[in-house]
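**Student:** Pasting a structure below so you can have a look.
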Amino acid sequence: MSTRQNLRSWEILLTLLFIVPVSRSEQNIALTGIAQQSSNQDERWTAGKAKDNCVNQDITQNCCVHTAAGVYKQAWWRVDLMQIKTIQYITIYYRSGSGYRFGGYSVYVSNSTDPTPQGILCYKDNSSLSEDVNLNPTHLCPYVAQYVTVYNHREEPKRHDWYSNDAVLELCEVQVLGCPIGKYGNGNCNNYCSESCYRGNCNAITGSCFYCFPGMFGDFCEQPCSANCKITCVKDTGHCIECINGKHGDLCDVDCSDNCKNKSCMKETGYCLECVPGKYGDDCAADCSVNCKDKTCMKNDGTCIECVLGKHGDNCAVNCSDNCKNKNCTRSDGHCIGCNPGKKGELCDTSCSSHCVTCDQASEQCFECIPGKYGDQCTNNCSVNCEANTCTKSNGQCIACNPGKYGPSCSMDCLGQCKDNSCQQSDGTCTDCPVGKHGSFCNISCSESCLNNRCNAESGDCEECAGGLHGGNCSMPCRNCDRCVRDTGYCLSVCSAGYEGNTCQMKVLQTETSDGNTGTIVGVVVGLLLLAVIISTSVFLIRRRRQNSTKKDSFDDISRKKIPRTTHHNYSYEPDDYSAEPVTEQGNVYEVVDDGSKVETPAGHGNVYVNASDIAKVENTTEIPTNHDNVYVNANDVDKDSSANVCNNSGPVSIALSDLKAMVKAKMLNEAKAFEDEYASLPSGAIHEHNIGMLTANRMKNRFKSTFPYDHSRVILDKLDNDPHSDYINANYIDSVTLPAEYIATQGPTDKIVDDLWRMIWQLKSGKIVMLTNLIEGTKKKCAKYWPDEGEPMSTKHFNIVLDRERVYAFYVIRDIILTEKKTKSVRQIHQFHYTTWPDHGTPDPNELVVFHRRVKHYKNTLTGKMVVHCSAGIGRTGTFIALDALLEHGKTSGMVDVMGYIRTMRKDRVNMVQTCDQYIAIHNLLVEAFAMPDTLIPSMKYHTTLRSLCNDAPVNLTKLWREYKVTQELKPTYTQSDFKTAVLPTNRNKNRDPNVLAVDKFRPYLTSASSGRTNYINAVAVPSYTSRTGYIVTQTPLEDTVVDLMTMIMDHSCDTIVIIENDHVKWLPEEGKGITIGSFQLTHEGGSSVLANIDLMDVAISNQDQRYDARVRVFHMTGWDRHVSVPPDVPGLLQLLEQVDSRRKSNGSKKTVVMCRDGYSQSGLFCCISNARDQMKIDEEVDMFQISRQLLFRRPEFITNYKHKYQCCNNVIKAYLDITDVYMN
């Protein structure tokens, strides 16, 4: 069975924590242990005296221990049983007559020793009188543990006056009765527990199991749980812990009502959690009023949440006034929400002034005047020169003028020779000119060179030129041709004899021959023509045969075999006639010169792009310069000095990785002026030809009007049928630092070109797509959804597409997509990596993007094609990600990075890669993060061996795990008051339990529905879960004045689960069968029970009529984890709680979970760390504790600040999780 199958089969946590009373055994397993105590009164009363089998309670008989008196406020005695054992009873013999010292003691069992007290509390003495203290008690303590601790403490003021002033223990004997793990027997522990018992643990006398495997119950775990139990059942009774959806009752054998939404109801009562639309009540049997909007009402009393249009009242039974605009009124009192024209008042039953179209509902002021009127009361007349007699209400200025007039009141006559006597109202300038005129007042004649005397009314530029001319004002003659394009001078007619080229400026080179050779020349020419005809015919027949033959894949992977080491000549062409084929022969590179001969380029020199359309003359071109790396020449004017058009890697030299962080810090000074200057020096805009993307047939295939792929590096698709433009997609090959064509940068597809995108991915055999934009950001559509949802296949012209698997994480999504080519039925799996949290107008969190990048790189893929990267335009975020990947890979081997140099490399192949200075700075920060990030990911199969190597036998501060922890502390942020401005406002200071633990502004949950007199602040931070960026909200235990803020936060942020880590009674929770009021919130206890030790479960209904809020929240109260105890005392119980929390998260659309402890960080931070680590191990069969801790520390730096009790604890809990689920290998 695979690891994943094992994990899934153990998704439910086992019933390890059910407290099972254990029969008494007479074996004292403390006798072989080692005892310690907090202090000694003197050498007569050392720790071993309490486990020497002497039960005499007279301290003078030298049979008892005695800790130091009159010194300490805490005292403890502990025995180490040497290994984990099954404990049943603990019997204590205390010094006679010393109840005043023994009173208030506690007994703990645990599997570790530091700090004290620690572990599970077996007993706590609450005697109110000294004589009530039992000095020879026997306590039932049915746990599996290695340590037993007796603890006492004293504080001021005393809990009872009769208590001693200081903590002292005088134990004469402590007997621990039980058996070794896996054994039982009446007093001898010689028999082995049944294999049916989970982990072989059983009752020391009877052999009955303590715990069962999931799905079984009974004394010997011989009976199966009901099939309707969701997780498992109670060992003793077989009652289900939780039901499958649609069932309730002890055995989950009763159906939930069909009126329950999603058929979900409470296990104990069968009451619906939510109702289907149109129903209300505990069992959702009552109908909402037909006047409730969408037939939706409050579940508890049927009050409509909103009324249908035209109704108001609690049950929406009362009609709104006919004078209400759209018959819309408030539900509570029927007051109109806007009036019909001409009406005003709360019920719109009073008429406006006769000059008003509409007026203020509460006053006499007109909102809109009838035509011809203006003023507050619409009593003034508009000017007769206003068009349609209409003017602005406030000042009477005309909205538009009648023909021939201008000015605010249209009182002035238009000037000049305006067409139709029409001018601008603001300044009298003409809106248009008659033929032959231009200028502001149309008083300037068009140039005689303009065709038909037509020119632009504003600039005077000719619309078209008369024959033989070009230029804006048609002042330049065409060169060596009769007609040419106005803007470019490109000839539209045949060139004069002896010239060629688009502008007819290229002289045709003549070959001197003698008359005697004329026949020979003619013969050669005729022969060449015949040869050309034969070759053309052969090529045509071969291509036809290939088109008709069956291919394994209809779209071949041309990769960049046609591009990388070829000199491309982008000859200018007419818009509908072009060739995209390269010029290559036998792997060598040639440059075609004007006489048709070939000049060989030395091998090994890639990326030479020459646009040589208008080279006037090529002389002595027998050799191309040998250094061809990254040279691009725009050679329209090569006869002039072309050196200014050659881009090279000038700029800052490469920097050593060891200096990178310091360099970035230095350049960020002075508002990052150094970075801004560097970025401004980069070549920008379109620096190479991009004519193909601008063709009319291709323009609609571009998402943006100004972003086109360069012709020399564009991805060329296989042409379809007879469509000459079907080879186009807005995508370019991008080089890495050392290799050509390592990436594909493209735009986010529009709906029109989804099939083209899949054609490209298929043709290039790409297996990975990196998507860096969301489909919609703000109100703008950024990308078409080119993949289907699960269970809903998608089809394009050439492909069938199925989403095989989707995994959603806190800041990215991974989709495994099955792509089937329709023609050949060939199937491939494509992996899409979708980064979902790149801010619309910002830069990504460096840690999150680097973790995402690492996930992309580590993901296994069988296809050989290059990675496709896109955002929306395919230049900004895309360039940032590619730069991170390329520079990181190069830096690992060279120890150097050159960010500016690499951006130049990208920009030679695609316009404006890395679109903003902020993205330029972000690349540096990403590289600092990436090079500093250790590889701390551990797969489940290697977890135990790796953890042992990290925690070797060296002193703690020399272990690898300690060093890993220290790096998390060095990298965590240091926040200042500017980061939590709201928390330190005078109105909010008293809301913080600890003035040194505050909520950072950018991570705190805002209270959007705060009641009058309350601010929007609560001391809480949003914390990512493994699958949601804000899966948890961590907060402090509320103060008396902040409970209402907690309720508001639960409402505003749709929280439906609360985990409270607090040993004390929670005062703000309602008692069973009762309700309480907190501000405008009503809380009602709706039952609930828990089979988990030291965890109380209750469902609480929370409603707020003012806000139309009605919800049910489940509360898990962890009573066994005292705030004085750093680590969770009951790891299996914590893991089972996490399973239940995770189950709720999956079933409720990933609503947020509130986690609180007293200070808001110590226990709650550890809880979130363990939760995220467990989720990662469960979902991906691997864990990265370093990254999990870093992300938590970024939100609240106080979270994980202790090595042994926090960081090491998280690692140990994951080890325990793997042990429980039995999926690891030694």
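All the letters of the sequence shown, read from the start, carry residue numbers -25 to -1, 1 to 1201 under mature numbering (1 follows the signal peptide of the UniProt record, and there is no 0). Backbone N, C-alpha and C fix where the C-beta goes; we use that ideal spot for every residue, glycine too.
Sorted by chain position, which residues of the same chain lie with C-beta nearer than 6 angstroms to Ala905's C-beta, five sequence neighbours on each side aside?
**Tutor:** Answer for Ala905: Val825, Leu863, listed in chain order.
**Student:** Helix, strand or coil for Asn611 per DSSP?
**Tutor:** Caution applies to Asn611, whose pLDDT of 35 falls short of 50 and renders its modelled position unreliable; the value that the coordinates give is listed next. Residue state, collapsed to three classes: coil.
**Student:** Are Cys304 and Cys295 closer than 7 angstroms when you measure CB to CB?
**Tutor:** Contact flag set, yes.
**Student:** How should Leu1193 be labelled, buried or exposed, when 16 other C-beta atoms within 10 angstroms of its C-beta is the threshold for buried?
**Tutor:** When all chains shown are included, Leu1193 counts as buried.
**Student:** Could you pull out every residue in the same chain whose Cβ sits closer than 7 angstroms to the Cβ of Thr990, ignoring the five residues on either side in sequence?
**Tutor:** Once the five neighbours on either side are set aside, the close Cβ partners of Thr990 are Thr962, Asn963.
**Student:** Using the Cα positions of Asp233 and Val1106, report the straight-line distance between them to the nearest angstrom.
**Tutor:** Answer to the nearest angstrom: the Cα atoms are 39 angstroms apart.
**Student:** Report the CB separation of Val1034 from Phe1169 in whole angstroms; it is logged as a contact under 8 angstroms.
**Tutor:** Not quite, the Cβ-Cβ distance comes to about 21 angstroms (not below 8 angstroms), so this is no contact.
**Student:** What would DSSP say about Val949, mapped onto helix, strand or coil?
**Tutor:** Per the sequence shown, residue 949 should be read as Thr rather than Val. DSSP places Thr949 in coil when its eight states are reduced to three.
**Student:** Beta carbon of Tyr118, beta carbon of Val151: below 7 angstroms?
**Tutor:** Cβ distance not < 7 angstroms, so Tyr118 and Val151 don't count as in contact.
**Student:** Ordered along the chain, which non-local residues of its own chain (more than five positions away) have a Cβ less than 7 angstroms from that of Leu901?
**Tutor:** Excluding residues within five positions, the ones whose Cβ falls inside 7 angstroms are Pro821, Leu824, Val825, Leu859.
**Student:** Just tell me which of Asp873, Lys756, Ile744, Val729 has its CA closest to the CA of Met769.
**Tutor:** Ranking Asp873, Lys756, Ile744, Val729 by Cα distance to Met769 puts Val729 first.
**Student:** Tell me the rounded alpha-carbon separation between Pro378 and Cys291.
**Tutor:** Cα to Cα, the separation comes out at about 55 angstroms.
**Student:** Considering only the beta carbon of each residue, do Leu110 and Tyr159 sit closer than 7 angstroms?
**Tutor:** No, they are not a contact pair.
**Student:** Taking the straight line between their C-alpha atoms, what separation do you get for Phe683 and Asn677?
**Tutor:** Distance between the alpha carbons of Phe683 and Asn677: 7 angstroms.
**Student:** Could you check if His223 is buried or exposed, using at least 16 other CB atoms within 10 Å of its CB as the buried criterion?
**Tutor:** Under this definition His223 is a buried residue.
**Student:** For my contact list, Tyr1136 and Phe1161 are in at a C-beta cut-off of 8 angstroms; report their separation, rounded to the angstrom.
**Tutor:** Actually they do not touch by this definition, with Cβ atoms about 19 angstroms apart.
**Student:** Thinking Ser169 and Gly182 are a contact (beta carbons under 8 angstroms), I'd like their distance in whole angstroms, please.
**Tutor:** About 7 angstroms; that satisfies the 8 angstroms criterion.
**Student:** Classify Glu767: buried if its beta carbon has 16 or more other beta carbons within 10 angstroms, exposed otherwise.
**Tutor:** By the 10 Å Cβ count, Glu767 comes out exposed.
**Student:** Excluding the 5 residues preceding and the 5 following Ala363 in the sequence, name in chain order all residues of the same chain whose CB lies nearer than 6 angstroms to its CB.
**Tutor:** Cβ within range, chain order: n/a, list empty.
**Student:** Report, in whole angstroms, the separation of the C-beta atoms of His41 and Glu130, which I expect to be a contact under 8 angstroms.
**Tutor:** In fact, because the Cβ distance is near 21 angstroms, the residues do not count as touching under 8 angstroms.
**Student:** Would you call the region 990 to 1002 and the region 1090 to 1099 in contact, with 3 or more CB pairs under 8 angstroms?
**Tutor:** Taking 8 angstroms as the limit for Cβ pairs, the verdict is that the region 1090 to 1099 does not touch the region 990 to 1002.
**Student:** Quick one: Cα of Ala720 to Cα of Thr671, how far?
**Tutor:** If I take the Cα positions, the gap works out to 23 angstroms.
**Student:** Within its chain, find whatever has a CB closer than 8 angstroms to the CB of Asn418; leave out the 5 residues flanking it on each side and keep chain order.
**Tutor:** If we look at Asn418 and ignore the five residues flanking it on each side, its Cβ neighbours are Gly391, Gln392, Lys412.
**Student:** Is it true that the region 848 to 858 meets the region 919 to 929, where meeting means three or more beta-carbon pairs spaced less than 8 angstroms apart?
**Tutor:** No, they do not touch.
**Student:** Roughly how many angstroms separate the alpha carbons of Ser81 and Pro1103, rounded to a whole number?
**Tutor:** Cα-Cα distance, rounded: 18 angstroms.
**Student:** Using three-state DSSP, classify Gly742 as helix, strand or coil.
**Tutor:** Of the three classes helix, strand and coil, the one that applies to Gly742 here is coil, per DSSP.
**Student:** What's the call for Gly723, buried or exposed, on a 16-neighbour Cβ count within 10 Å?
**Tutor:** Classification for Gly723: buried.
**Student:** Pull the bridge partners of Lys60 from the DSSP assignment, please.
**Tutor:** DSSP output for Lys60 lists Ala120, Pro155 as bridge partner(s).
**Student:** Are three or more beta carbon pairs between the region 1116 to 1133 and the region 992 to 1012 nearer than 8 angstroms?
**Tutor:** The region 1116 to 1133 vs the region 992 to 1012: in contact.
**Student:** So, does the region 830 to 838 touch the region 699 to 716, judging by three or more C-beta pairs under 8 angstroms?
**Tutor:** Cβ pair count under 8 angstroms is below three, so no.
**Student:** Within a Cβ cutoff of 8 angstroms, which residues of the same chain sit near Cys1185, ignoring the five residues on either side of it in sequence?
**Tutor:** Closer than 8 angstroms at the Cβ level, and outside the excluded window around Cys1185, lie Leu1141, Cys1144, Ile1145, Ala1148, Met1160, Ile1163, Ser1164, Ile1175.
**Student:** Smallest Cα separation from Ser71: which of Pro112, Leu1044, Ser87?
**Tutor:** Checked all of Pro112, Leu1044, Ser87; the closest Cα to Ser71 is Pro112.
**Student:** Using the three-state DSSP reduction, which class does Lys380 fall into: helix, strand or coil?
**Tutor:** Of the three classes helix, strand and coil, the one that applies to Lys380 here is strand, per DSSP.
**Student:** Taking the continuous beta strand (DSSP E) assigned at Asp1031, which residues delimit it?
**Tutor:** Where Asp1031 is concerned, the enclosing beta strand (DSSP E) stretches over 1030 to 1036.
**Student:** Bridge partners of Ser1078, per DSSP?
**Tutor:** Answer is Gln1057, Asp1085, bridged to Ser1078.
**Student:** I need the DSSP call for His833, collapsed to helix, strand or coil.
**Tutor:** Reduced to three states, the DSSP call for His833 is helix.
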